[in-house]
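Line by line, the protein sequences are chains A and B.
Counting in full-length UniProt numbering, the first sequence runs from 1 upward without gaps.
Counting in full-length UniProt numbering, the second sequence runs from 1 upward without gaps.
For glycine and all other residues, C-beta sits at the position ideal for the given N, C-alpha and C.
I have placed the structure first, in the form of structure tokens, so that the comments after it can refer back to it.
2 protein chains.
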Amino acid sequence: MEGAVLTRRGLLVGIGAVGGAGAMYAAMGALGLAPAEQDKTFDPPRPGDFSLRGRGAATVVVLGAGVAGLTAAYELGKAGYDCTLLEARAKAGGRNLTLRGGDRLTELNGPAQEVTFGEGVYFNAGPARLAPWMLAMDYCRELGIPIETFVNNNAQAYVHTNGRTVRARTARADMYGYVAELLAKATDVGALDRKLTKDDQERLLDFLRRFGDLGPKHDYEGSPRRGFVKYPALDTGTPIALPGSLREVLAAGTGRAITNDFGHEQATPMFQPVGGMDAIVTRLAEAVGQDRIRTGARVTGITTLDDGVEVTWDGGRIKADYCVATLPPHLLARIPHNLGTQITAALKTPVPAATGKIGLEYGTRWWELEDRIYGGVTETDLDITHIWYPSHDYHAERGLLVGYYNTAEHAELYGALTPEDRRHRALTQGKKIHGEKYRTGLLSSVSIAWDRQEHIQGGWVRWPAVDSSFTLLQRPSGRVYFAGDWLTHLIAWQAGSMESARSAVTQLHERVMRSS
Amino acid sequence: MEGAVLTRRGLLVGIGAVGGAGAMYAAMGALGLAPAEQDKTFDPPRPGDFSLRGRGAATVVVLGAGVAGLTAAYELGKAGYDCTLLEARAKAGGRNLTLRGGDRLTELNGPAQEVTFGEGVYFNAGPARLAPWMLAMDYCRELGIPIETFVNNNAQAYVHTNGRTVRARTARADMYGYVAELLAKATDVGALDRKLTKDDQERLLDFLRRFGDLGPKHDYEGSPRRGFVKYPALDTGTPIALPGSLREVLAAGTGRAITNDFGHEQATPMFQPVGGMDAIVTRLAEAVGQDRIRTGARVTGITTLDDGVEVTWDGGRIKADYCVATLPPHLLARIPHNLGTQITAALKTPVPAATGKIGLEYGTRWWELEDRIYGGVTETDLDITHIWYPSHDYHAERGLLVGYYNTAEHAELYGALTPEDRRHRALTQGKKIHGEKYRTGLLSSVSIAWDRQEHIQGGWVRWPAVDSSFTLLQRPSGRVYFAGDWLTHLIAWQAGSMESARSAVTQLHERVMRSS
């Protein structure tokens, strides 16, 4: 049930996930990244903040038309470069994939799925949310892509752990209530007398009373924060059952779920493009020029030369002054090249990670009508990990849930099933939370196993350690530059692809400017 | 800096606000409201859930065309009643007031303000957000009003207390970090050995490590959750300054701010109609029929008779079978009537509360571009209380902040100023958080003091105690029924007006059905 991002972050930096954030932070300090002053000076990129100065007349072949490749070509194009993108898949976008009715999803060693969603229903099969500090927000602004709030934390959604389902607001109120009670009572009996003055103890108690909604004797006796069977209106309402004992609340194991959005990547609110994440792909591709993107072109060889780069693909050969290679590293490693064994070894270092999602289309939005859940996530300790509710088109007739979004062994388990069996399993699990309607109301579904997507073969990668391979690939090899989320500390985020693309094209352009 | 709703709730039930929720909850139990089982059975109203059975041919005069009056007329109209609404103000809606360019806002004993906002900019001067469990959500659905997410809690917004400004994410991480450390260390030294088994202590510690992002020795040493000067990308980023000591964090006094959305009324996410809250008024008025709403009609007398009700107003007299009176109680109490002194005394019991807001229009959304704040609230201990950022039209050119939303003495202080002086004061305060741009970038503003709005004269009311006056007015007096948020436990929420209106018309209709 661990949040995907905690996993990512933990995997990325090679330092334990939960409890390791402090360690990571400490490690940053050890690396000489002296903490700076209060972040009032944070100055994010604006249109024009990133612009390559001077015009480059060089030609560039970009391998891969995912978000990294498109961003590289977009920025190079603005600076006058003549780019060609080679994309092995049938369309641009890579993992930024939004599925709609009429689409067809194929996978390696598996049957194709026909998507039959109704008008207006879509499924962001890959990335689905943006944090406000991320570069993807700037590209949305620059490209005129309307964005809306993505609800990443919903008090009204559920937490399902150890076979029990409660509202997130209830789980949170109970855990906070008891934590506050324990610390308040410890304070009352003098346990903090050596650490805190009486004044500071009073300040702490003032906070704990608010934090836990404690009674006058610092007992946690439940709280309206837990929610109601019938909310207050003409009368004071009907509260839901009194909380279990401290023991029962601890045994419920809701701790992971209610801290899921505490990290800097997941903090509420988050955002999404209106109408589907692939608006980013569509607008980047338009800006780059569709005629520059050659789809169905699988790269078969990369040769860096004194005066350029030669790239061969299934259907031909291209020579350009420079190359930006944005394919997944594990696939790039298999392509014959003359960049040396160190590059091959470096490309083989990151390990692809499985991840999967299923989109479940329903004919009524019972989660809004009956559960009063508008957007957000139900956290579970089941193999589905999460259930996501749509943050858009509230009160529309149809709607789409994400019935699982899982990683590692759970993703592998689902990935190995047929689409029918994935759906069946996801429905069986979700029914534990939402009851029979979860199964009976389904109109259609489509599931993706990213490690089974041709020319991608992984949800993202993890670096066993951020070592010299990582930094080696952040620099060009001959006339070949590498880019992708996999070369950043924002793995599995589009912002990572964009940051990396900007870095690669900046280095490339500086070289061109120096040599001209 | 106390949240408006904590105030409201506390005022409403006449039991202390902060720390009193547990007491209120306990009081509910004492009233015999036995807590029911887990709220899986919660079944909110749906289109048709509320419908008066049978047709009533009676005539009804509705006093006031605010949300309560419109809802009453709407539901009565569906059941066949012939309604006339008398509204003293120039237009329907009452406190549901959205201001746009071209509007003019007058106030008692003060100058009028011309609203000069640009195209698409609006200011919800009254209610501005809906909780998902509230009846206003159902009316939006039933009336086809599109809704969108209202961001009520933003990790990226600021907390300004004791002269210091930090991001909400930073304030939260630090307070949670130290609380977790204190309790974890108390556990480590055996302080909980009598309360918890070793297994339960391990469960608690597991939670505390997540909750506080503690290091291996259960120290809080900062966390990436605090945010960054430069977020991770190609490198691990630049964290913001290390946290202050426990003493310093307690002294900062951020506790109220970071628990502001813990209550059931404020829990994230919340919602708003697209384009302005007055969509609810517009669609209700359309459904009722504009021709049934007589504006500029100030009621001067109410007489209940054996065979009907006679109401006089500035410009005439109307007789109907029944009356639904939805005016604010303190104004209703002043209108001559024959309902008896007990009714007058009851109407005089609730005390009107001052509340005010200012809308500040800017030519650029610097809070998005520079502060990366998309929606949400900055909590302060200044007299402005909150700054709200818009949750809609992200990346639009212009935007409107709510520069203060305050109550009680702060609202009275601002209300007593001229609009220019209110603006000046609000800008001086907001500048402490956002710097000079807060003042220099302003295009226009408009401020409202609800206690100075003619025919309303208060933001809402508080009942010194929920006593027999409250319940007396929930029942008809002769042929006069009362309705309004002020007769519910949802004071200051439109849902209260709607719940109360439903109750009144249900009672009225049952009487008509019985007598026919």
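Mapping the DSSP letters down to three states, classify A:GLY356 as helix, strand or coil. Strand.
Please list, in chain order, all residues of the same chain as A:ARG89 whose beta carbon is under 6 Å from its beta carbon, the five residues on each side excluded. Excluding positions up to five away in sequence, the list reads HIS455.
Any beta carbon of chain B sitting closer than 8 Å to that of A:ALA353? Interface with chain B (8 Å Cβ-Cβ cutoff): A:ALA353 is excluded.
To the nearest angstrom, how far is the alpha carbon of A:THR71 from that of A:ALA483? Each residue's CA atom was taken as its position, placing A:THR71 and A:ALA483 some 10 Å apart.
Can the beta-carbon of A:PRO269 be found less than 8 Å from the beta-carbon of B:VAL229? Cβ atoms of A:PRO269 and B:VAL229: not closer than 8 Å.
Using a beta-carbon distance below 8 Å, is A:THR149 in contact with chain B? Judged by the 8 Å Cβ criterion, A:THR149 is in contact with chain B.
In terms of alpha-carbon separation, which member of B:ASP393, B:GLU397, B:VAL377 lies closest to B:GLY403? Ranked by Cα distance from B:GLY403, the options B:ASP393, B:GLU397, B:VAL377 are led by B:VAL377.
Find the residues of chain B that neighbour A:ASP188, judging by a C-beta separation of less than 9 Å, and give them in chain order. The premise fails here: A:ASP188 is roughly 12 Å from chain B at the closest Cβ pair, so nothing lies under 9 Å.
Within the continuous beta strand (DSSP E) that includes B:TYR178, where are the two ends? Boundaries for B:TYR178: no beta strand (DSSP E) harbours it, while the alpha helix (DSSP H) harbouring it runs 168-188, taken from the DSSP string.
Option in B:ASP206, B:LEU63, B:GLY227, B:ALA287 with minimal Cα separation from residue 519 of chain A: Residue coverage of chain A in this structure runs from 1 to 516, which leaves residue 519 of chain A outside it and unanswerable.
Cβ of A:ALA58 less than 8 Å from any chain B Cβ? For A:ALA58, no CB of chain B lies under 8 Å from its own CB, so it is not counted at the interface with that chain.
For the beta strand (DSSP E) holding A:ILE293, just list the boundary residues, first then last. Start and end: 293-295.
Secondary structure of B:ILE280, DSSP reduced to three states: Three-state result, B:ILE280: helix.
Check whether the region 492-507 of chain A and the region 62-77 of chain A are in contact - that is, three or more C-beta pairs closer than 8 Å. The region 492-507 of chain A makes contact with the region 62-77 of chain A; the number of CB pairs closer than 8 Å reaches 3 or more.
In the DSSP assignment, what are the bridge partners of B:ASP485? Answer by DSSP bridge pairing: none, since B:ASP485 is not bridged.
Cross-chain neighbours of B:LEU182 in chain A, by beta carbon under 7 Å: Within 7 Å Cβ-Cβ: LEU183, LEU192.
C-alpha gap between B:PRO273 and A:HIS434, whole angstroms: Approximately 28 Å, taken between the alpha carbons.
Looking only at its own chain, which residues have a Cβ that is under 8 Å from the Cβ of B:ASP383, when we skip the five neighbours before and after it? Shown here for B:ASP383: same chain residues with a beta carbon closer than 8 Å to its own, the five before and five after excluded, namely TYR404, ASN406, HIS410, LEU413, TYR414, ARG425, GLN429 in chain order.
At a Cβ threshold of 8 Å, is A:TYR389 touching chain B? No, A:TYR389 does not count as interfacial toward chain B.
Boundaries (first-last residue) of the beta strand (DSSP E) holding B:SER444: Counting along the chain, the beta strand (DSSP E) containing B:SER444 begins and ends at 442-449.
Sort B:GLY478, B:ASP199, B:LEU105, B:ASP200 by Cα distance to B:LYS357 and report the nearest one. If we check each option's Cα against that of B:LYS357, B:LEU105 comes out closest.
Which residues, in order along the region 460-492 of chain A, keep a beta-carbon less than 9 Å from a beta-carbon of chain B? Here the close residues are VAL466, GLN474, LEU487, THR488, HIS489, LEU490.
Return yes when the Cβ of A:LYS348 is within less than 8 Å of the Cβ of A:ALA333, no when it is not. Their beta carbons are under 8 Å apart, which means A:ALA333 touches A:LYS348 by this criterion.
State the Cα-Cα distance for the pair B:LEU250 and B:ARG194, rounded to the nearest angstrom. Approximately 28 Å between the Cα atoms of the pair.
DSSP-derived helix/strand/coil call for A:ALA325: DSSP places A:ALA325 within a strand segment (E or B) once states are collapsed to three.
Start and end residues, alpha helix (DSSP H) containing B:THR344: Judged by DSSP secondary structure, B:THR344 falls within the alpha helix (DSSP H) whose first and last residues are 341-348.
Return yes when the Cβ of B:VAL288 is within less than 8 Å of the Cβ of B:GLY93, no when it is not. No, the Cβ-Cβ distance between B:GLY93 and B:VAL288 is not below 8 Å.
Looking at chain A, is there any beta carbon in it that lies within less than 8 Å of the beta carbon of B:HIS330? No - not a single Cβ of chain A is within 8 Å of the one on B:HIS330.
Counting C-beta neighbours from all protein chains within 10 Å, is the total for B:SER245 16 or more, i.e. buried, or is it exposed? Exposed is the call here.
Proximal residues to A:CYS323 (C-beta, below 8 Å), its chain only, five neighbours per side dropped: VAL60, VAL61, VAL62, LEU63, ILE302, THR304, VAL309, VAL311, ARG479, VAL480, TYR481.
Below 8 Å between beta carbons: does that hold for B:LEU214 and B:ALA180? A contact, by the Cβ cut-off of 8 Å.
For a cutoff of 8 Å on Cβ pairs, would you count B:ALA171 as touching chain A? Judged by the 8 Å Cβ criterion, B:ALA171 is not in contact with chain A.
Identify, in the order they occur along the chain, each residue of the same chain with its Cβ nearer than 8 Å to the Cβ of A:TYR362, setting aside the five sequence neighbours on each side. Around A:TYR362: ARG398, GLY399, LEU400, LEU401, GLY441, LEU442, LEU443.
Where B:ARG225 meets chain A, residues with beta-carbon distance less than 8 Å: Scanning chain A for C-beta atoms nearer than 8 Å to the C-beta of B:ARG225 yields ALA21, PHE262, GLY263, HIS264, ALA267, reported in chain order.
Integer Cβ distance of A:TYR122 from A:GLY375, believed to fall under 8 Å: The Cβ separation is near 15 Å, so there is no contact.
Would you say B:SER497 reaches chain A, if we count a Cβ-Cβ gap shorter than 8 Å as a contact? Taking Cβ atoms only, chain A never reaches closer than 8 Å to B:SER497, which makes this a no.
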